[in-house]
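Shown next, in structure tokens, is the structure this report addresses.
Numbering (the working numbering), first residue to last: 116 to 527.
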């Protein structure tokens with residue numbers, strides 16, 4: 116036979132080697148043993164194509180014997196890779212006899228029986244059984260973890276299992292080569308696409324799981340942070356505050372007014388820090404009074420007037436109230452630090468089963484671009500942990516508009 120007649124088989128071998136290279140690359144990246152086994156299996160599969168091409172060209176039985184041996188070995192490797200992928204691969208000494216048995220059977224079929232039909236049928240049945248087993252593995256994997264890649268691989272290997280059975284029928288003595296090559300190359304491409312889709316799907320799933328874990332960790336850290344703030348604020352108010360108050364009274368009784376004034380300043384600073392850590396109004400009076408107190412204190416310290424538009428006829432769940440208060444607090448802090456604003460406003464409204472908090476100023480806004488900072492990241496983290504969304508955009512006052520949408524939690 117001419118080289119042109121053998122070219123389809125060689126092209127198929129190159130495609131199979133490419134599939135082997137895909138699995139080898141995935142093994143190097145992910146260090147999953149089944150990718151290494153699949154890489155070896157597809158490399159052996161490509162080698163068998165070279166051997167059968169040599170046999171068709173020379174009609175030398177040695178090439179047919181090598182083809183039969185490597186075909187059975189590739190089938191065993193495919194079976195082992197499927198078992199590894201399914202988590203069922205447990206090595207047993209008896210398995211070492213399988214490659215030896217493949218060599219013995221190939222020698223018997225080629226050199227003793229002198230029957231290419233028998234040799235081809237045995238190889239076809241082995242490959243078909245192994246490929247069918249692989250299809251079953253991916254079908255079961257798709258039931259437990261549905262994915263496009265697993266479904267594509269399951270159907271591809273099922274079709275390939277049926278396709279292997281045409282070897283003794285259509286390709287006896289080399290007939291039907293073009294049809295077989297066309298089908299094999301098509302299935303190889305589908306396997307490569309399915310493998311990559313499966314890997315990408317697993318990466319997306321792993322990324323989603325890690326994101327969920329990070330969100331849970333962030334929520335726990337925020338909760339722990341608030342608890343620590345509550346404890347520190349209580350300690351400052353109940354112990355340091357009472358001690359300083361008693362000291363101020365004693366100084367007043369002794370007529371030491373200057374020292375008493377210094378103690379009063381320290382006491383005021385401690386109360387301010389305590390309020391920043393955990394505002395008593397939020398626990399005692401509720402969200403809206405706490406926001407009004409926050410706006411009044413902010414205006415007193417920064418000389419920036421803040422308008423409040425809010426009411427709470429139904430009240431707010433503690434977690435929701437705390438999140439909204441902290442976002443408003445951080446947004447006003449950003450107004451004082453970065454905006455150069457002359458005025459600001461805070462708006463809190465209910466919208467069905469959700470609520471919206473808007474903090475807006477008339478400062479520089481986003482003229483020079485918005486640089487991410489810890490406060491902004493903290494706001495976004497709080498809102499995301501509560502299942503909401505945070506948007507930053509240019510506002511109607513000419514400055515920055517911070518808009519937080521949050522689902523309402525059920526009140527206890």
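Quick reminder that beta carbons are idealized off the backbone N, C-alpha and C, glycines included.
As the structure is a computational prediction, the values presented were derived from the model and not from experiment.
query = residue 531 bridges to which residues according to DSSP?
reply = Nothing can be reported for residue 531, as the shown portion of the chain is limited to 116 through 527.
Alpha-carbon spacing of residue 139 relative to residue 123, whole angstroms = The alpha-carbon atoms of residue 139 and residue 123 are separated by roughly 24 Å.
message = Please identify the residue among 498, 476, 228, 455 whose C-alpha is closest to the C-alpha of residue 461.
response = Comparing alpha carbon positions, the residue from 498, 476, 228, 455 closest to residue 461 is 476.
query = Quick one, which of 148, 497, 313 has its alpha-carbon nearest residue 334's?
reply = Here the closest residue by C-alpha is 497.
task = Scan the region 192-232 and note each continuous alpha helix (DSSP H) run of 4 residues or more that stays entirely inside, going in chain order.
result = Counting whole runs of 4 or more residues, the region 192-232 contains the alpha helix (DSSP H) stretches 212-222.
key: Alpha-carbon spacing of residue 218 relative to residue 184, whole angstroms   = Taking the straight line joining both Cα atoms gives about 5 Å.
task = Say whether the region 316-325 touches the region 352-361, bearing in mind that this needs 3 or more beta-carbon pairs closer than 8 Å, one atom from each stretch.
result = Segment contact: the region 316-325 against the region 352-361, fewer than three CB-CB distances shorter than 8 Å; contact not assigned.
query = When burial is assigned at 16 or more other CB atoms within 10 Å of the CB, is residue 394 buried or exposed?
reply = When all chains shown are included, residue 394 counts as buried.
ask   = Is residue 164 near residue 196, with beta carbons less than 8 Å apart?
value = No.
key: Continuous beta strand (DSSP E) stretch holding residue 463: start and end   = Counting along the chain, the unbroken beta strand (DSSP E) around residue 463 starts and ends at 459-466.
Residue interval of the alpha helix (DSSP H) (run including residue 442) = 433-449 is the span of the alpha helix (DSSP H), which, as asked, contains residue 442.
ask   = Cβ of residue 501 within 8 Å of Cβ of residue 521?
value = Yes, the pair counts as a contact, with Cβ atoms nearer than the cut-off.
request  = Output yes or no for whether 8 Å exceeds the beta carbon distance between residue 491 and residue 443.
outcome  = Contact: no.
query = Taking the DSSP output, what are the residues bridged to residue 424?
reply = Answer by DSSP bridge pairing, in chain order: 462.
message = Comparing C-alpha positions only, which one of 266, 249, 303 sits nearest to residue 158?
response = Among 266, 249, 303, the Cα nearest to that of residue 158 belongs to 303.
request  = Report, in whole angstroms, the separation of the C-beta atoms of residue 451 and residue 494, which I expect to be a contact under 8 Å.
outcome  = In this structure residue 451 does not touch residue 494 by the C-beta definition: roughly 15 Å separates them, more than the 8 Å allowed.
key: Burial state of residue 430, where buried means 16 or more other Cβ atoms lie within 10 Å   = Exposed, since its Cβ has fewer than 16 Cβ neighbours within 10 Å.
key: Three-state secondary structure assigned by DSSP to residue 511   = Reduced to three states, the DSSP call for residue 511 is coil.
key: For residue 503, the nearest candidate out of 455, 510, 434 (CA to CA)   = Nearest C-alpha to residue 503: 434.
request  = Out of 464, 517, 131, 409, point me to the one whose CA is closest to residue 297's CA.
outcome  = Among 464, 517, 131, 409, the Cα nearest to that of residue 297 is on 131.
inquiry  = Less than 6 Å between C-beta atoms, sequence neighbours within five positions excluded: which residues of the same chain meet that for residue 167?
reply    = Close CB contacts of residue 167 within its chain, under the 6 Å cut and outside five residues either way in sequence, are with 182 (chain order).
ask   = For the beta strand (DSSP E) that residue 372 lies in, which residues bound it at each end?
value = Element bounds for residue 372: not the beta strand (DSSP E) but the alpha helix (DSSP H), 372-392.
request  = Spatial neighbours of residue 277 within its chain, please: CB distance less than 8 Å, with the 5 preceding and 5 following residues excluded, ordered by chain position.
outcome  = Excluding positions up to five away in sequence, the list reads 243.
key: Outcome for residue 381 when other beta-carbon atoms lying within 10 angstroms are tallied against a minimum of 16   = That one is exposed.
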